[in-house]
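Take a look at the structure set out below.
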Ligand code: MG
C-alpha cells in the first residue's frame, strides 16, 4: 500500500473538505484506506489522490454522486462526452425558458395588483374546489400535501426519508400561503414560491434529521378581474396543473424532470418515459438550493372551466384520456378528486397522490 495520509492532509491535497470526504465514504464513493480502530481516525492512501481530484472535477461539473460512482467502476470517455451533450441540451432548454420568462415578464407587468372577484358588480367569478390526498396502496407515509385557501390552491410532493418529506411539503405550502397573502398578485405568487424554497433550505440546514429534504410545488392563484378569470400558476418539479374546458385537457405546467428533458430533446417518447428507470429524477425542486426559480404561467381561462392540480402519483399511473374522462363525467369537484385518486390506486397506487379540482365560473346574475 502506498503512503497513508491522515484525512486532514489528504483533504488539503485533494481539495475535498473533510466533511465532504466523510459524506463520500458513507456513500461508498471514496472509502478510507485505513481507520484507527482505537480513535476512529481515518487515513487515505496517496494513490487515492487522483481519484479524489477526479471526483472533485465531476462534482464541479454538477454530476450526481450516483453517476460518479458508476463512472468510477467503469471509466469511459464516452460517458464524459454524453455528459457534455447533456449540458448542451440543458443550456438550450434554459435559454428557451429564459426567452419564455422574458415574454411572461411583460404579462406580469399588466397583471392586477390584487385579486378581486367582481367586475363592476355585474359579474362575479365563483370558485368551487374539492380535494383528495391518499398514501396509495404501498407506502406507509404520505409526503404529499395540499392547500386550499381560495383564491390560492396548491399541491406539494415532499422528498426525503420520513419525516423530512412530509416536513418539506407542509413547509412549502405554509410558506407559500403566508407570503402570497401579503402580496396576492402574480409576481407575489412567484416570490412566495421562492420563499418556500428558501424556508426548506434553511430548515434542512439547521436540523440534521431533515438534511436533504425537498419538495415539488404547483400553485394556482385566481386573480379574477371580471368576465373571465385571470389565473397564475407557479410550478417547480413534476406536480402538474391542467385546464379542462370543452372536453379538452391541457397541461399548463412543464415537468422539471430528466425524462421530460429527454422527451424535449426527442430522445424519449412519452410511452418510454412512463417506464424509464430515471422517471423519478427531478431537475428542479424546492430546497435543493436556497434560490430556486419557479415557472410562471398566465393562461387564458374561459368563463367556465375546470382546473386540476395533482402530484405525480396520479400522472405516473393514469393517462390523460382517463383523467379527462373523470373530469368530464363527475360533476362535484370533491367527488372528481376522490375518483382520480381511486384511478391512481387502481393502476398501482405505488406513490402518494394529492389532487385538487377547482370549478371556475363567471356568474352573470351576480349583484
Ligand atoms: Mg410523488
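In my numbering, the protein residues as written are 781 to 1147. We treat Cβ as the ideally placed atom computed from N, Cα and C, and that holds for glycine.
Query, Result
"For review: beta carbons within less than 6 Å of any heavy atom in ligand 1", "937, 1091, 1092, 1093, 1131, 1132"
"Nearest-angstrom beta carbon gap, residue 993 and residue 980 [assumed within contact, 8 Å]", "6 Å"
"Identity of the residue in 1080, 830, 792, 938 nearest residue 948 by Cα", "938"
"Endpoints, the beta strand (DSSP E) within which residue 1025 is located", "1020 to 1025"
"Rounded C-alpha distance that separates residue 944 from residue 977", "14 Å"
"Distance, residue 1111 Cα to residue 1137 Cα", "10 Å"
"Secondary structure, beta strand (DSSP E): runs of 3+ residues fully inside the region 978 to 1017", "997 to 1002, 1011 to 1016"
"Span of the beta strand (DSSP E), counted from its first residue to its last, around residue 1136", "1133 to 1143"
"Which of helix, strand or coil DSSP assigns to residue 858", "helix"
"Own chain, CB closer than 7 Å to residue 1105, minus 5 neighbours either side, in chain order", "none"
"Beta-carbon gap between residue 1058 and residue 1039 smaller than 8 Å", "yes"
"Proximity to residue 1027 [Cα-Cα], best of 1078, 1050, 1084, 1041", "1084"
"Residue 1084: first and last residue of the uninterrupted beta strand (DSSP E) it sits in", "1084 to 1090"
"Burial state of residue 1000, where buried means 16 or more other Cβ atoms lie within 10 Å", "buried"
"Straight-line Cα distance separating residue 1043 from residue 921", "31 Å"
"Beta-carbon proximity check, residue 1133 vs residue 1091, cutoff 8 Å", "yes"
"Beta-ladder partner(s) of residue 933, from DSSP", "928, 1000"
"Reference residue 844; option with closest CA among 825, 809, 861, 857", "809"
"Cβ contact check for the region 1060 to 1075 and the region 1109 to 1128: 3 or more pairs under 8 Å", "no"
"Pairwise C-alpha distance: residue 1065 and residue 940", "12 Å"
"Whether residue 1013 touches residue 998 by CB criterion (8 Å)", "yes"
"Own chain partners of residue 798 with C-beta closer than 8 Å, once the 5 adjacent residues on each side are dropped", "787, 788, 791"
"Close-in-space but distant-in-sequence residues of the same chain around residue 853 (CB under 7 Å, 5 per side omitted)", "none"
"Helix, strand or coil at residue 785 according to DSSP, with G and I counted as helix", "strand"
"Enclosing beta strand (DSSP E) for residue 1052 [first to last residue]", "Here residue 1052 belongs to no beta strand (DSSP E); instead the alpha helix (DSSP H) covers 1050 to 1055."
"Residues bridged to residue 1029 (per DSSP)", "1024"
"Alpha carbon of residue 860 to alpha carbon of residue 848, nearest angstrom", "11 Å"
"Delimiting residues of the alpha helix (DSSP H) encompassing residue 1044", "1038 to 1044"
"Residue of 935, 929, 985 minimising C-alpha distance to residue 914", "935"
"For residue 814, the residue or residues it bridges with in DSSP", "823"
"Backbone CA spacing between residue 834 and residue 971 [nearest angstrom]", "38 Å"
"Boundaries (first-last residue) of the alpha helix (DSSP H) holding residue 835", "829 to 840"
"Per-residue DSSP class, three states only, for residue 1058", "coil"
"Paired residues, beta bridge with residue 911 - DSSP", "1136"
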